[in-house]
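Numbering (our numbering), first residue to last: 490 to 630.
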């Protein structure tokens, strides 16, 4: 009887836990497309901003107008875009952390998302600088 009771408890514990728990793979399938969508939309908005700046710069330059104020305007708008993306990213990351905590998973599961975001942000800034200064105004990722 003890053996049966022990097996029942073990079986119930194992299967009830695995049925309600989520896996790292589940998290990736659920959230990675959302993180990628944030990045995709940010790049589209950034390209639009760069295109707009490029056209406005050339129009002012052709007319002989001062172009330096444009720089500050577009830097400010770029910073606003970066801040908006940061808020959206942190909001989604908070959702992931809440789901991880609710399922008693280690918070370290969020680290790959954070590392990817930081790396992507850094790489995109470098591409922007390279493309604007060396290759023209069009940014492709």
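By construction, the Cβ of each residue, glycine as well, lies at the ideal position given by its N, Cα and C atoms.
Note that the coordinates shown come from a computational prediction; the quantities given were computed from them, not determined experimentally.
Report the residue from the options whose alpha carbon sits nearest the alpha carbon of residue i.
i	options	result
residue 526	567, 601, 581, 554	581
residue 603	524, 515, 563	524
residue 514	540, 568, 601, 567	601
residue 618	567, 512, 552, 551	567
residue 614	564, 512, 551	564
Using a Cβ-Cβ cutoff of less than 8 Å, which residues in the same chain neighbour residue i once the five nearest sequence positions on both sides are dropped?
i	result
residue 522	none
residue 570	531, 534, 535, 538
residue 510	592, 593, 594
residue 490	At residue 490 the pLDDT is 45, less than 50, meaning the model places this residue with poor confidence; the figure from the coordinates comes in the next sentence. Cβ within range, chain order: n/a, list empty.
residue 623	Caution is warranted here: a pLDDT of 47 is assigned to residue 623, below 50, making its placement in the model unreliable, and no coordinate value can be reported.
Would residue i and residue j be called neighbours here (beta carbons separated by less than 7 Å)?
i	j	result
residue 585	residue 520	yes
residue 546	residue 556	yes
Return the Cβ separation of residue i and residue j in integer angstroms, given the expectation that the two are a contact with Cβ distance under 8 Å.
i	j	result
residue 607	residue 599	Contact doesn't hold; Cβ gap of about 12 Å is too wide.
residue 518	residue 609	So it is not a contact: roughly 20 Å between Cβ atoms.
residue 549	residue 559	7 Å
Leaving aside the five residues before and after residue i along the sequence, list all residues of the same chain whose C-beta is less than 7 Å from its C-beta, in chain order.
i	result
residue 562	none
residue 611	none
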